[in-house]
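A short worksheet on the structure shown next.
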Amino acid sequence: MTATTTAPMATAGPAQTAGKPATRLRAWATRGPLLPALIFMIAVTQLPFVATLVISFFDWNSLYPDARSFAGFANYQQVLTDADLRRSVWTTVLLTVTVVLASLVLGLGLALLLDRRFRGRGIVRTLLIAPFLVVPVAAALLWKHVLFNPEYGLLNGLLHYVGGPQPDWISTTPLLAIEASLIWQWTPFMMLILLAGLQSRDHQQIEAARVDGASDWQIFRHLTLPHLRRYLELGALLGSIYIVQNFDAVFTITSGGLGTANLPYTVYQTFYQAHENGLASAAGVLVVIGSIIIATFALRVVSSLFREEASRA
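Note that UniProt numbering numbers the sequence shown so that position 89 is 89, with each residue one more than the last.
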């Protein structure tokens, strides 16, 4: 007969049991330095948003604080059905689409130029980036007084030099004046993103296409443009997040007049001029929700770019 032996079942020893608290302690020691930043972010961003969300469900005029009452979704219904608010939503969409598309096209052209080697390229790149570094209010004031002013503005000065008309740019084309200011400021941002995309191309593939007789247009259409698709999407999404929330240019150049009031400016009017806290909060919540939706797509595009770069590496 052969004796069969069974191995004893392994049990967690004292060392393993003692190791779990040590692992948890190391994990908390790693996360510990991030806790102040997390608490600060919650206190600065999340708590005010929760307060805004609560106020949006109340009929609350700050001129009559004692007449405050719960209104449910009535404020959201008014935001979605009010003619002035719908007009401001359409203005916001038109402003965003125009500025983002024009900035992308101009940024792509500048990125293609800066992708070539020439003397003084670093200085030119620095000068082209400068508009994006200007404070938004200062940029709007620059366009309003230095360029658009009908009496001493640069544009009318040039027209006067060639014997042309002297239009009041802000009065005749108010939305175009705001769009020009934002395009000037956001084209460098698009240029930087697209220039990074151009410099990440596979140059061996481009050289092989040239050897095969492909023209510059064919290389751009079939190789460069498909490669830049993710970067174009990223620039469009990040630009949209900002332009949707833009307040500085509208407030500074036209003060929301002449049909240029976008949704953020309408929220400002509702809160500070009409003193309708509940209605303004409801409109602000809708702006935040729209921005979050756009930001979600932007994060997906960024993640896909990181995955593509990791796969190449």
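Cβ coordinates follow ideal geometry from the N, Cα and C atoms, glycine included.
In whole angstroms, what separates the C-alpha of residue i from that of residue j?
i	j	result
Arg-31	Leu-25	10 Å
Gly-259	Thr-266	11 Å
Trp-28	Leu-176	54 Å
Arg-307	Arg-300	11 Å
residue 316	Val-54	The first residue shown for the chain is 1 and the last is 313, placing residue 316 beyond what the model contains.
Ile-219	Ile-206	7 Å
residue 327	Val-134	No answer is possible for residue 327: it lies beyond the span of the chain, which begins at 1 and ends at 313.
Asn-149	Tyr-242	26 Å
Trp-217	Ala-274	55 Å
Gly-163	Ala-138	30 Å
Ser-291	Gln-46	15 Å
Asp-82	Leu-286	14 Å
Gly-257	Ala-74	27 Å
Pro-136	Val-211	47 Å
Thr-52	Ala-67	18 Å
Val-302	Ile-289	20 Å
Gly-109	Ser-215	18 Å
Ser-62	Tyr-272	10 Å
Pro-36	Phe-57	32 Å
Phe-297	Pro-174	31 Å
Leu-95	Leu-101	10 Å
Gln-204	Leu-232	23 Å
Leu-34	Ala-22	19 Å
Leu-225	Phe-118	23 Å
Leu-38	Tyr-152	50 Å
Gly-107	Gly-122	17 Å
Phe-132	Gly-213	39 Å
Thr-172	Val-105	25 Å
Taking 7 Å as the limit between beta carbons, can you name the residues of its chain near residue i, skipping five residues before and five after?
i	result
Ser-103	Ile-183, Trp-186, Thr-187, Met-190, Gly-239
Ala-283	Val-79, Leu-85, Leu-263, Thr-266, Val-267, Thr-270
Pro-165	Leu-159
Thr-92	Val-244, Asn-262, Leu-263
Asn-156	Pro-150, Gln-166
Arg-125	Leu-114
Given a cut-off of 8 Å, decide if residue j and residue i are closer than it, judged by their beta-carbon atoms.
i	j	result
Pro-264	Asn-277	no
Ile-178	Val-250	yes
Leu-127	Ile-193	no
Ile-170	Thr-254	yes
Arg-230	Ser-304	yes
Leu-223	Ala-209	yes
Val-244	Ile-293	no
Leu-141	Leu-147	no
In chain order, what residues of the same chain lie with their CB nearer than 6 Å to the CB of residue i, ignoring the 5 residues before and after it?
i	result
Ile-129	Pro-188
Ala-261	Ser-88
Asp-59	Ser-69, Ala-71, Gly-278
Phe-49	none
Ala-77	Sequence inspection shows Gln at residue 77; the Ala mentioned does not correspond to that position. The answer is none, since no qualifying residue turns up.
Trp-143	Ser-181
Arg-201	His-227
Ala-111	Met-191, Leu-194, Leu-195, Leu-198
Ala-3	Caution applies to Ala-3, whose pLDDT of 48 falls short of 50 and renders its modelled position unreliable; the model cannot decide the point.
With DSSP run on the structure shown, which of helix, strand or coil describes residue i?
i	result
Glu-276	strand
Ala-295	helix
Phe-271	helix
Leu-25	helix
Ala-261	coil
Ser-255	coil
Gly-163	coil
Ser-304	helix
Please go through the same chain and pick out, in chain order, the residues whose beta-carbon is closer than 8 Å to the beta-carbon of residue i, but skip the five residues on each side of it.
i	result
Asp-115	Leu-195, Leu-198, Gln-199
Problem - alpha helix (DSSP H) runs contained entirely in the stretch 36-102, provided each spans 4 or more residues - result: 47-55, 74-81
Problem - 3 or more residues per run - each beta strand (DSSP E) lying fully within the stretch 169-193 - result: none
Handout entry: Secondary structure, alpha helix (DSSP H): runs of 4+ residues fully inside the stretch 186-230
Key = 203-211, 216-219
Exercise for the section: Pick out the complete alpha helix (DSSP H) segments inside the stretch 105-161, 4 residues or longer, and give them in chain order. Expected result: 121-133, 136-141, 154-161
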